Amino acid sequence: MDINIKDVLNPESISEYITSLPQAVTIGGELFPNKKQLGIDITLIKGAKEKPIVLSQSAFDVNVKVRSLKADIKEDTKEMPFFKEAVAINERDRQDLLMAMSSINSTWKNLVLDKIYNNINQLVVGASVQVERMRMALLSTGKIYITSNENDIAFDYGMPNGHMETLSGTAKWSDFVNSTPVDDIIRWQDLVEEDTGVRPSRAICTRKTFNYLKNNKSIKLDINKDGTTIITDAILKQYLLDKVGVTVAIVSGKFIAEDKTEQQYFPDNIFTLIPDGTLGTTYYGTTPEEADLMVKASANVSIVNTGIAISTSISDDPVQVLTKVSQICLPSFERIEEIFIATVV
20 MDINIKDVLN
30 PESISEYITS
40 LPQAVTIGGE
50 LFPNKKQLGI
60 DITLIKGAKE
70 KPIVLSQSAF
80 DVNVKVRSLK
90 ADIKEDTKEM
100 PFFKEAVAIN
110 ERDRQDLLMA
120 MSSINSTWKN
130 LVLDKIYNNI
140 NQLVVGASVQ
150 VERMRMALLS
160 TGKIYITSNE
170 NDIAFDYGMP
180 NGHMETLSGT
190 AKWSDFVNST
200 PVDDIIRWQD
210 LVEEDTGVRP
220 SRAICTRKTF
230 NYLKNNKSIK
240 LDINKDGTTI
250 ITDAILKQYL
260 LDKVGVTVAI
270 VSGKFIAEDK
280 TEQQYFPDNI
290 FTLIPDGTLG
300 TTYYGTTPEE
310 ADLMVKASAN
320 VSIVNTGIAI
330 STSISDDPVQ
340 VLTKVSQICL
350 PSFERIEEIF
360 IATVV
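If you read the sequence shown in the working numbering, its first letter stands for residue 20, the second for the next number, and so on.
What follows is the structure, given as structure tokens:
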């Protein structure tokens with residue numbers, strides 16, 4: 020009996036494997052839930068005052084360049100960014116798979132397949148990482164930065180300048196003796212409420228930023244006058260909820276960027292106030308591979324996680340199995356005016 024590698028290495032089998040795995044729950048996914056849209060028109064993506072976001076060429080400084088995402092994008096046609104990665108099944112793995120398929124030992128076959136499928140799943144995970152990076156960039160800067168082969172492009176969502184502040188001098192939260200974080204938070208809440216009628220009731224920060232609050236003299240004295248209580252996360256979170264009506268979410272997690280450096284999803288020293296509810300939507304457009312599927316039912320494509328396209332191709336001379344993962348996506352942020360981004364150190 021002829022052995023056809025396509026019987027086990029095809030988009031349907033790969034997507035079945037991937038969807039059977041537990042899916043990561045992220046704060047970005049909760050605040051910007053996924054939604055599918057037809058096409059790739061960026062004018063559907065809204066920012067402040069429900070206006071389309073603005074694309075502009077930008078000479079990124081070093082800090083921005085490090086955190087920018089890599090994607091294909093056409094500024095003139097106002098298209099959403101296109102992310103794609105591919106992985107080739109090497110000859111050793113291909114031979115192992117063929118031998119395993121011809122064997123009656125199903126355990127061997129499953130081990131080889133798991134290894135190959137897991138390598139492909141890493142591309143899908145990487146696609147999800149790109150999406151979370153964009154969401155976190157919006158929550159920490161109000162913009163998304165994309166580095167393409169041609170230009171550096173900034174996606175400007177219209178964050179009000181008055182809703183961003185950088186503390187200086189003794190006001191920095193790293194000055195545990197003189198800084199007054201509670202007063203800062205109330206002032207920022209008042210400003211957003213005065214401008215929008217909505218009072219921020221949640222906050223996002225990293226562990227390092229949260230620890231500034233735990234070590235602050237005025238906060239510690241307010242919680243415990245005699246200084247005998249060890250302030251835990253739970254105590255401080257309850258204090259902030261009672262004092263200023265804010266529920267704090269500590270964001271952790273890192274990813275490997277395009278330059279192979281390890282980076283945080285959400286940067287240290289940023290404290291972002293947000294309102295209740297979702298803030299926007301993560302839109303997935305139609306990839307070229309998915310467009311093929313729409314017009315040709317036999318196209319070798321499957322869709323996972325709302326809009327991530329998986330396609331496979333097998334070439335001859337030399338024989339090579341290539342799996343490509345692609346997505347066209349961008350978050351909208353209709354409630355960007357209702358947040359406040361503070362650089363506290």
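All C-beta atoms, glycine included, are put in the ideal place defined by N, C-alpha and C. Bear in mind the structure is a predicted one, so any value in this text is a computation, not a measurement.
**Item:** Bridge partners - T291, DSSP secondary structure assignment
**Value:** In DSSP, T291 forms a bridge with I223, I360.
Span of the beta strand (DSSP E), counted from its first residue to its last, around E184: That run of the beta strand (DSSP E) goes 183 to 185.
Quick check: what's the CA-CA separation for A67 versus F51?
Between the alpha carbons of A67 and F51 lies a distance of about 15 Å.
message: Assuming the contact rule is C-beta atoms closer than 8 Å, I139 and T342 should be a hit. Round their C-beta distance to whole Å, please.
response: Going by Cβ atoms, the distance from I139 to T342 rounds to 5 Å, so yes, they are a contact pair.
Requested in this report: Could you tell me if S34 is buried or exposed, where buried requires 16 or more neighbouring beta carbons within 10 angstroms of its beta carbon?
Outcome: S34 should be labelled buried.
query = How do the stretch 166 to 183 and the stretch 252 to 272 stand: do at least 3 beta-carbon pairs fall below 8 Å, yes or no?
reply = No, the stretch 166 to 183 does not touch the stretch 252 to 272.
Checklist entry - Between the beta-carbon of K54 and the beta-carbon of Y303, is there less than 9 Å? => result For the pair K54 and Y303, the CB atoms are nearer than the 9 Å cut-off.
- [ ] Give the DSSP bridge partners of S17, in chain order.
- [x] What is shown of the chain runs 20 to 364, which leaves residue 17 out entirely.
Assess, as a yes-or-no matter, whether the stretch 344 to 361 is touched by the stretch 277 to 293 under the definition of 3 or more beta carbon pairs within less than 8 Å. The stretch 277 to 293 vs the stretch 344 to 361: in contact.
Chain-order list of residues whose beta-carbon lies under 8 Å from that of I135 (same chain, five-residue window excluded): These residues qualify, in order along the chain: L28, I108, D112, L116.
key: Beta-carbon contacts of M20 that lie in its chain and below 6 Å, excluding the five residues immediately before and after   = For M20, the pLDDT reaches just 43, beneath the cut-off of 50, and the residue's location in the model is therefore unreliable, leaving the point undetermined.
- Item | Given 8 Å, three or more beta-carbon pairs between the stretch 234 to 254 and the stretch 195 to 202 | Counting Cβ pairs under 8 Å, three or more are found: they touch.
Bridge partners of Y302, per DSSP? Y302 has K54, L349 as its beta-bridge partners, per DSSP.
Quick one: what's A328 bridged to in DSSP? Residue pairing of A328 in beta bridges, as defined by DSSP: I322, S345.
Please name the residue in R206, L40, G272, Y176 whose C-alpha comes closest to that of V323.
-> V323 has its Cα closest to that of L40, out of R206, L40, G272, Y176.
Tell me the residue span of the beta strand (DSSP E) that contains A268. Segment 266 to 269, the beta strand (DSSP E) holding A268.
With a 10 Å radius around its C-beta and 16 neighbouring C-beta atoms as the bar for buried, classify E365 as buried or exposed. Because the chain in this structure spans residues 20 to 364, residue 365 falls outside the shown range and cannot be described.
>> Cutting at 8 Å between CB atoms, please list the residues of its own chain near I61, excluding the five before and the five after it.
In response: Correct list, in chain order: P71, I72, L74, K97, E98, M99, L349.
Margin query: So, under 8 Å CB-CB, F101 and S345 are touching, yes? Tell me the CB distance rounded to an integer number of Å.
Written below: The pair is a contact, with the Cβ atoms about 7 Å apart (cut-off 8 Å).
C-alpha distance - G58 paired with K65, whole-angstrom precision: Rounded to the nearest angstrom, the gap between the Cα atoms of G58 and K65 is 16 Å.
Per DSSP, what kind of secondary structure is A67 in: helix, strand or coil? Reduced to three states, the DSSP call for A67 is helix.
TODO: Would you list the one or two residues that DSSP bridges to Q282?
DONE: The bridge partners DSSP lists for Q282 are F274.
Mapping the DSSP letters down to three states, classify A90 as helix, strand or coil. Correct three-state label for A90: coil.
| query | Which of the three DSSP states, helix, strand or coil, is assigned to I108? | reply | Here DSSP, grouped into helix, strand and coil, assigns I108 to strand.
Report task. Spell out the partners DSSP gives I242 in its beta bridges. Result -> I242 is not bridged to any residue.
_Buried or exposed by the 16-neighbour rule on C-beta atoms within 10 Å, applied to A43_ = Exposed, by the Cβ-count rule.
So the beta strand (DSSP E) D214 belongs to, where does it begin and stop? Premise fails: D214 lies in the alpha helix (DSSP H), 200 to 215, not in any beta strand (DSSP E).
> First and last residue of the beta strand (DSSP E) that includes I165?
Replying inline: Element bounds for I165: 162 to 166.
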